[in-house]
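Residue numbers (this note's numbering), protein chains in the order written: chain A, 1 to 161; chain B, 1001 to 1213.
C-beta: ideal position from N, C-alpha, C; glycine also.
Accompanying notes for the structure given below.
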């Protein structure tokens, strides 16, 4: 990112600050301790020693005020949707959303007849990364985090909304 | 080469300055002041930096207090039951006792001190007994005043107009349960213990069978 960006913008200092900020943000992605359904079990597996998400700086926080990421791990019911919305709003920027599993991606098995299920969490909050699977294995969630890190490297202080 | 020599001489000057200086310009309080100053600067500097760098977009929903995603209700300044106050005070009393006992235990029965004066060990021991005794007196006082008792709530039972009187529950509440003594033999279940007897009550026969006969 750094070299071509430098030649494009001509601003060395801004790019360097961008690099530093992005590096700091992607190296400590702290998710909210928040799980809804069976995907949360896989998420817990990813946090624990076998898969050890902590090695890429992912460490669950008990409050959205300290968090950068919210992992929507499970079936989003309409009852839960407003809670998710409030949790997301209570996170400080920059904030990212990982939608984990079929249910939160698109409604999953409840796509057609689930009267109670939101057909994709992206209908209520903007999603950055979709992790596929039903439920996804912990490796997939780690892959999702790596993709999110790639996404963060392309951010810039000037263009960020 | 000349630069190198210059650097060396500067270092030498610094070193000699450090070692040879007899009277420091700074007092001890001056050093404390510098530490305070650096502390304030580091903290305020990082806070200012984060204020500059972090995006700040407050809205009403974000500023609302966090209650696990639920809509916050009630006041955050709820009152804690006052019984915790007494428990905390008693706890503090014995916590302070530990703070005094730990340094005492390091000098109690120290060989050099006993060699200097043979009465030291006994003196320290008796002193500590007096100290702990006074605290124990306090504990007995608290105990006698029943401050160690956990205050149990006395809920008022609401009276409902029903045909069942409240006295009907007295028998159930007064009932005590007897525990069986332990034995390695398997316990017979209720079904095994029932001896089958010929019941005087005739079995129920549906009417349509009779009609079919």
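- Contact residues within the segment 118-129 of chain A, judged by C-beta distance below 8 Å to chain B: none
- Item | Alpha-carbon to alpha-carbon, residue 1029(B) and residue 1125(B) | Taking the first residue of the second chain as position 1, residue 1125(B) is located at position 125. Taking the first residue of the second chain as position 1, residue 1029(B) is located at position 29. Straight-line Cα distance between these residues: approximately 40 Å.
- What does residue 1123(B) reach in chain A if we use C-beta pairs closer than 9 Å? Position 123 of the second chain, counted from the start, is the residue given in the question as residue 1123(B). Those within 9 Å of residue 1123(B) in chain A number zero; the least Cβ separation is about 52 Å.
- Query: Which partner residues of residue 1066(B) appear in the DSSP bridge assignment?
  - Reply: Along the second chain, one-based indexing puts residue 1066(B) at 66. Residue 1066(B) is not bridged to any residue.
- Task: Using a threshold of 8 Å, state whether the C-beta atoms of residue 68(A) and residue 96(A) are closer than that.
- Result: Residue mapping note: residue 68(A) aligns to position 68 of the first chain, counting from 1. Residue mapping note: residue 96(A) aligns to position 96 of the first chain, counting from 1. In contact: residue 68(A) and residue 96(A) (Cβ atoms closer than 8 Å).
- Message: Below 8 Å, how does it come out for the segment 1059-1074 of chain B and the segment 75-87 of chain A: are there three or more Cβ pairs, yes or no?
- Response: yes
- Interface residues of chain B around residue 94(A) at Cβ under 8 Å? In the first chain, the residue the question calls residue 94(A) occupies position 94. Here the neighbours are 1055.
- Message: If the cut-off is 9 Å on Cβ atoms, which residues from the segment 43-72 of chain A count as contacting chain B, listed in chain order?
- Response: 63, 64, 65
- Sorted by chain position, which residues of the same chain lie with C-beta nearer than 6 Å to residue 129(A)'s C-beta, five sequence neighbours on each side aside? Taking the first chain and counting its residues from 1, the one referred to as residue 129(A) is at position 129. Same-chain partners within the cutoff: 98, 144, 147, 148.
- Query: residue 1186(B) by DSSP, collapsed to three states: which one?
  - Reply: Along the second chain, one-based indexing puts residue 1186(B) at 186. Coil, per DSSP.
- Query: What's the C-alpha gap between residue 1147(B) and residue 1187(B)?
  - Reply: Residue mapping note: residue 1147(B) aligns to position 147 of the second chain, counting from 1. Residue mapping note: residue 1187(B) aligns to position 187 of the second chain, counting from 1. Looking at the two C-alpha atoms, the distance is approximately 46 Å.
- Would you say residue 1070(B) reaches chain A, if we count a Cβ-Cβ gap shorter than 8 Å as a contact? If you number the second chain from 1, residue 1070(B) lands on position 70. Yes - at least one Cβ of chain A is within 8 Å of the one on residue 1070(B).
- How about the segment 1162-1175 of chain B and the segment 1127-1142 of chain B: do they share at least three Cβ pairs that are nearer than 8 Å? no
- Task: Check the Cβ-Cβ distances between residue 87(A) and every residue of chain B, and say whether any is below 8 Å.
- Result: In the first chain, residue 87(A) corresponds to position 87, counting from 1. Cβ-Cβ to chain B under 8 Å: yes for residue 87(A).
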